[in-house]
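Before any comments, here is the structure.
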Amino acid sequence: MPIDNAHYHGWQGSLRSPWLATLALVRVALLQVLRRKLYWIVLALGLAQFFLYWSIIYAVTQLDPPPAARERMLEAFGFSAQPQPGRPSGYILFMERQSVVVMILLAFSGSVLVGSDFRLGSLPFYLSRRIDRRHYIAGKLLAIGAVVSLLTTVPALMLFIEYGMFTSSTDYWIDNWRLPVEVIAYGAVLAATLSVLLVTLSAYLQRLAPIAITWSSLFVLLPLLRSALVRETHNRYWNLIDPWRDMSLVGRLAFGDFDSPFERRLALWALAILSAISAAMLVALVRRVRSVDVVE
Amino acid sequence: MPLVDIHHLSRSYGTVRALDDVTLSLEPGTIGLVGNNGAGKSTLLKLLLGLLQPDSGGGSILGCDITRSARQLRGQVGYMSESAATVPVLKGVEFVTLAGDLYGMPHRDARRRAHEVLDYVGLGELRYRRLEEYSTGNVQRLKLAAALVHDPRLLLLDEPTNGLDPAGRAAMLALLEDLIAETGKSVILCTHLLGDVERLCRQVVVLDRGRVVRNGTVQELRSAAGDCYQLGWQGAGDAFLTALRDAGAVVARQADHRALASVPEGWSTARFFELAAASDAVIDFLAPDEENLERLFFRVTGPPAARLQQV
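Line by line, the protein sequences give chains A and B.
Residues in the first sequence are numbered consecutively from 734, following our numbering.
Residues in the second sequence are numbered consecutively from 29, following our numbering.
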């Protein structure tokens, strides 16, 4: 039977919960990121480190040395597959090393995924459907969280799976089940904090240049300032002005593996600071989204 | 069931009263919503979309309570906004699918339906182009497709011909006429272009300073202006016009042998010929003068100059 395209056809079906629409927002956001060549370059840079470690783990495991020698060989490349008392594991270090690329990618993503909704008037398109502001905000936060996870949590978990796979035993996965949980916890802190910060900044600043300047000030200048202040004043509380360090400390709170009680106290302070900043940012974001008129 | 049934609805922004005790009962059909800037159109649209809670009053739209069932309401309404409101980088079919997803349609249904409505609005060939490549006219069609994707019972069209050239405007109006005729969907058309309302709508609601100042069919509103005729004659014009005035008609001369006459109730057209014969004039043209919507609009809301003085 030929398809009749010239006439209108109705649709019958039931509409689903608007919370499921947040998944559509994530899907579209990833499409928007992956359709730009610039992002592929940044993604390639981010994945280069992953492929490097992937190759190192593959090579070292295929040589099949005794476990202690294997660990020493990996440590020579700045990676450790075993839990390190009082220190972050190799997977967490890998995620921390991704921070520069994550920061660059997010600086570009903010203007495309969120800024353009305000600048080009796309927001009324979303809010005049069956979703409201809560769903829109949740969708955008999840989208940025997905971009962050693509470069941090997902590759770190893949390295963990790879190591267990190539050592020909499930014992590694069973004995070290805390490692992936630690990765997921740190990844969740990164995704939650970075997404709230970026979505809010992008909602206010909207254009690429101001977002990139503010973003790099937060994640490049503050760490530089932190190291200078700690060096000059010998006051380790200055570490708390570095957002990367705060996120790292909060991530480690999941399993309480700290060098000293002071480090643990610092982690609790970091948790309080990040929670307060995120809450303030969330309030600002809700106010910004609420101020947009759906009907002009 | 009435399309819109609202009672004593009021809404203020600070000290500004955007809607003032509005009571409206609209039957399904095509309705034009007209009014000057600040008349309360946007506030009424927000209430119709369930985006705003009234300060007082209440009612229902398509049977959904406007104060309690906002989401259910939006599932039955398709909104085409005035602004560009597109999502950059997406292709046409992805944009309409996203609209379906946001309405809560299952993704596969949304995708299939996006293809159908894009074909229907005449964008089948362009469905895989990025939105940045669409012309203004095609963006308007695309927004209409996005409003239709979940097959709503009511379409709210906010300035659908805004920014279009004459050919694009004619094409959009023809598409809307076809849609209304074929589907029988109810449409509320919010526009400044009164010609669009005259062409598409059976009913008109005129808002002014937050109040409904006229509500009725286009024909009813025109007839409420009183009987008006265009007259043409040969012979003694001055005497004829004086005779008309003496008989109670209000006459405005438009040219040497042309005039517009508004006549009192119960006037028979034979009276024109009697008075002309008595004044040595011969009528060579007589036709009822239908008030167009623009004149009606200014009659009920005040002429533009008067409004400027108020400002």
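For each residue, glycine too, the CB sits at the ideal point set by N, CA and C.
Q.
Can you check whether the C-beta of PRO188 (chain B) is within less than 8 Å of a C-beta belonging to chain A?
A. no
Q. Between the C-alpha atoms of GLN231 (chain B) and SER1008 (chain A), what's the straight-line distance to the nearest angstrom?
A. Taking the CA atoms as reference points, GLN231 (chain B) sits about 55 Å from SER1008 (chain A).
Q | Proximity to LEU860 (chain A) [Cα-Cα], best of B:PRO134, B:LEU126, B:LEU182 and B:HIS135 | A | Minimum Cα distance to LEU860 (chain A) is reached at B:LEU126.
Q) Is THR189 (chain B) closer than 8 Å to LEU221 (chain B) when the C-beta atoms are compared? A) yes
(Q) Which same chain residues end up closer than 8 Å to SER981 (chain A) when comparing Cβ atoms and leaving out the 5 residues on each side of it in sequence? (A) PRO821, ILE825, GLU829 and TYR919
Q: Using three-state DSSP, classify PRO888 (chain A) as helix, strand or coil.
A: Residue state, collapsed to three classes: helix.
Q: Report the partner residues of TYR41 (chain B) according to the DSSP bridge assignment.
A: B:VAL44
Q) Enumerated in chain order, which unbroken segments of the alpha helix (DSSP H) with a length of 4 residues or greater are wholly contained in the segment 819-903 of chain A? A) 823-830, 832-843, 849-852, 856-860, 866-884 and 886-899
Q) VAL121 (chain B) and VAL240 (chain B): beta carbons closer than 8 Å? A) The criterion of a C-beta distance shorter than 8 Å is not satisfied by VAL121 (chain B) and VAL240 (chain B).
Q: Using a Cβ-Cβ cut-off of 8 Å, state whether TYR859 (chain A) counts as contacting chain B.
A: Closer than 8 Å: yes.
Q.
Measuring only the C-alpha atoms, how far is THR114 (chain B) from ASP186 (chain B)?
A. 15 Å
Q: Give the interface partners of ILE877 (chain A) over in chain B, defined as CB-CB distance under 9 Å, in chain order.
A: Ordered by position in chain B, no residue passes the 9 Å Cβ test against ILE877 (chain A), which lies about 16 Å from the chain.
Q) Is ALA942 (chain A) buried or exposed, if buried means 16 or more other CB atoms sit within 10 Å of its CB? A) exposed
Q: Pair every Cβ in the segment 779-791 of chain A with every Cβ in the segment 890-900 of chain A, then say whether three or more of these pairs are closer than 8 Å.
A: With the rule of 3 Cβ pairs closer than 8 Å, the segment 779-791 of chain A counts as touching the segment 890-900 of chain A.
Q.
Pop quiz: VAL145 (chain B) and LEU176 (chain B) are said to be a contact at Cβ under 8 Å. What is the actual Cβ separation, rounded to whole angstroms?
A. Indeed they touch by this definition, with Cβ atoms about 5 Å apart.
Q: With a 10 Å radius around its C-beta and 16 neighbouring C-beta atoms as the bar for buried, classify ILE59 (chain B) as buried or exposed.
A: buried
Q) So what does DSSP say about ASP193 (chain B), is it helix, strand or coil? A) Coil, per DSSP.
Q: Could you name each continuous beta strand (DSSP E) segment of 3 residues or more that falls completely within the segment 903-940 of chain A, going from the start of the chain to the end?
A: none
Q: Just tell me which of B:LEU192, B:GLY223, B:ARG227 and B:GLY103 has its CA closest to the CA of ASP206 (chain B).
A: B:ARG227
Q: Output yes or no for whether 8 Å exceeds the beta carbon distance between ARG862 (chain A) and LEU37 (chain B).
A: With a cutoff of 8 Å on beta-carbon distance, ARG862 (chain A) and LEU37 (chain B) are scored as not near each other.
(Q) Bridge partners for GLN258 (chain B) per DSSP, in chain order? (A) B:LEU288 and B:ALA315
(Q) Does the CB of GLY746 (chain A) have a neighbour CB from chain B at under 8 Å? (A) yes
**Q.** Within the segment 59-144 of chain B, ranges of the alpha helix (DSSP H) (whole runs, at least 4 residues)
**A.** 69-76, 98-102 and 120-131, all fully within the segment 59-144 of chain B.
Q. Thinking C-alpha only, which one of A:SER928, A:VAL1022, A:GLU996 and A:HIS742 is nearest LEU838 (chain A)?
A. LEU838 (chain A) has its Cα closest to that of A:SER928, out of A:SER928, A:VAL1022, A:GLU996 and A:HIS742.
Q: Decide if the segment 157-165 of chain B is in contact with the segment 74-89 of chain B; the criterion is three or more beta carbon pairs, one per stretch, under 8 Å apart.
A: no
Q) Using a beta-carbon distance below 8 Å, is PRO735 (chain A) in contact with chain B? A) Interpretation of PRO735 (chain A) is limited by its pLDDT of 49, a score under 50 that renders its predicted location unreliable; the figure taken from the coordinates is listed afterwards. Not an interface residue.
(Q) What does the alpha-carbon distance come out to for the pair ASP266 (chain B) and CYS229 (chain B)? (A) 41 Å
Q: Have a look at ALA924 (chain A) and SER111 (chain B) and give me their C-alpha separation to the nearest angstrom.
A: Each residue's alpha carbon lies about 33 Å from the other.
Q. In this structure, does DSSP put SER53 (chain B) in helix, strand or coil?
A. strand
(Q) Assuming the contact rule is C-beta atoms closer than 8 Å, GLY255 (chain B) and VAL291 (chain B) should be a hit. Round their C-beta distance to whole Å, please. (A) It is worth fixing the name first, because residue 255 (chain B) is Asp in this sequence and not Gly. Contact between ASP255 (chain B) and VAL291 (chain B) is confirmed by a C-beta separation of about 5 Å, below the 8 Å threshold.
Q.
If contact is defined by three or more beta carbon pairs under 8 Å, each pair taking one atom from either stretch, is the segment 933-951 of chain A in contact with the segment 839-856 of chain A?
A. yes
Q | DSSP state of VAL149 (chain B) mapped onto helix, strand, coil | A | coil
**Q.** Alpha-carbon spacing of LYS74 (chain B) relative to LEU771 (chain A), whole angstroms
**A.** 39 Å
(Q) Cutting at 8 Å between CB atoms, please list the residues of its own chain near ASP1026 (chain A), excluding the five before and the five after it. (A) PRO857
Q.
Please list, in chain order, the chain B residues whose beta carbon lies closer than 9 Å to that of ALA716 (chain A).
A. Because chain A is modelled from 734 through 1029, residue 716 (chain A) falls outside the range shown and cannot be assessed.
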